Amino acid sequence: MNADYKILLDANVLANYAVCDLFLRLSEKPRLVLPKWTEQILDEVYRTHTRQLGWNKRLADTFRNAVTKSFPEAFITGYENLIPLMSNDEKDRHVLAAAVREKLDIIITFNLKDFKPEDLDKWGVQALHPQDYLITLYSMNPQVVIMKLNQIARNKGEELEDTIIRFGQSLPTFSTRLLEDMGM
Numbered sequence: 061m062n063a064d065y066k067i068l069l070d071a072n073v074l075a076n077y078a079v080c081d082l083f084l085r086l087s088e089k090p091r092l093v094l095p096k097w098t099e100q101i102l103d104e105v106y107r108t109h110t111r112q113l114g115w116n117k118r119l120a121d122t123f124r125n126a127v128t129k130s131f132p133e134a135f136i137t138g139y140e141n142l143i144p145l146m147s148n149d150e151k152d153r154h155v156l157a158a159a160v161r162e163k164l165d166i167i168i169t170f171n172l173k174d175f176k177p178e179d180l181d182k183w184g185v186q187a188l189h190p191q192d193y194l195i196t197l198y199s200m201n202p203q204v205v206i207m208k209l210n211q212i213a214r215n216k217g218e219e220l221e222d223t224i225i226r227f228g229q230s231l232p233t234f235s236t237r238l239l240e241d242m243g244m
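Using my numbering, the letters of the sequence shown correspond one by one to residues 61 to 244.
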């Protein structure tokens, strides 16, 4: 399956390196999704990396340059005039405005409390936790998800099971589902 389903990745998903890595791998051939974001979202990621996670500026710059170069089609522009129309949490109105501008159905975020259904429904947008969407992708195409997780494991020099267990820190339900399906 080669999907062209566009999803907006919120800053908190992109700032979580392991989760971001999996979503971006799922955006490469054979892809299941097409990631979308804005410069403003990448600015938030940069601040999180350097101020909260202690990344040095060079590493944060390298990350930003890599995602920008690898996914130039991911950028959403021209959404700023929609921000005042949004009623969700003020600090995340730019995220919803970008989703509306791009006509996206889904925002992937760890921060569901800032994207209440009553603020999203009128725009036809839904906010989903990363693990819920990953479970959906896994249900649709388990071979591709496992293949991408195997790539991550190989790059880290570890067993697939260990990689999946490590994902349990951020995505416990997703990790548990995969381990159960693998009989572990």
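Just so it is clear, CB atoms sit at the ideal spot from N, CA and C, and this is done for glycine as well. Remember, it's a predicted structure, so these values are computed and weren't measured experimentally.
Output needed for residue i: all residues of its chain with C-beta closer than 7 Å, excluding positions within five of it in sequence on either side, in chain order.
i	result
Leu172	Ala187, His189
Would you call the CB atoms of residue i and residue j closer than 8 Å?
i	j	result
Glu221	Met207	no
Val185	Leu156	yes
Ala213	Leu68	no
Thr223	Leu209	yes
Can you give me the Cβ contacts of residue i inside the same chain, cut-off strictly under 8 Å, excluding the 5 residues immediately before and after it?
i	result
Phe131	Leu84, Ser87, Pro95
Using alpha carbons as the reference points, say which of the options lies closest to residue i.
i	options	result
Val73	Leu194, Ile225, Tyr198	Leu194
Lys312	Phe175, Leu68, Asn215	What the structure shows of the chain is the stretch from 61 to 244, and residue 312 is not part of that stretch, so it cannot be assessed.
Ser230	Thr98, Thr169, Tyr65, Glu140	Thr169
Asn201	Cys80, Ile224, Leu92, Glu240	Leu92
Arg161	Asn141, Asp149, Asp192	Asn141
Ala75	Asp64, Glu104, Thr98, Asn125	Glu104
By Cβ distance below 6 Å, which residues in the same chain neighbour residue i in space, the five residues on each side in sequence not counted?
i	result
Ala120	Tyr106, His109, Thr110
Phe227	Ser235
Take the Cβ of residue i as the centre, count every other Cβ of all protein chains shown within 10 Å, and call the residue buried at 16 or more, exposed below.
i	result
Met61	For Met61, the pLDDT reaches just 47, beneath the cut-off of 50, and the residue's location in the model is therefore unreliable, although a value from the coordinates is still provided. When all chains shown are included, Met61 counts as exposed.
Asn148	buried
Closer than 8 Å, CB to CB, is residue i near chain B or not?
i	result
Thr169	The structure shown contains no chain B; it is built from a single protein chain.
Ordered list of beta strand (DSSP E) runs contained in the region 128 to 189, each at least 3 residues: The qualifying runs are 166 to 168, 186 to 188.
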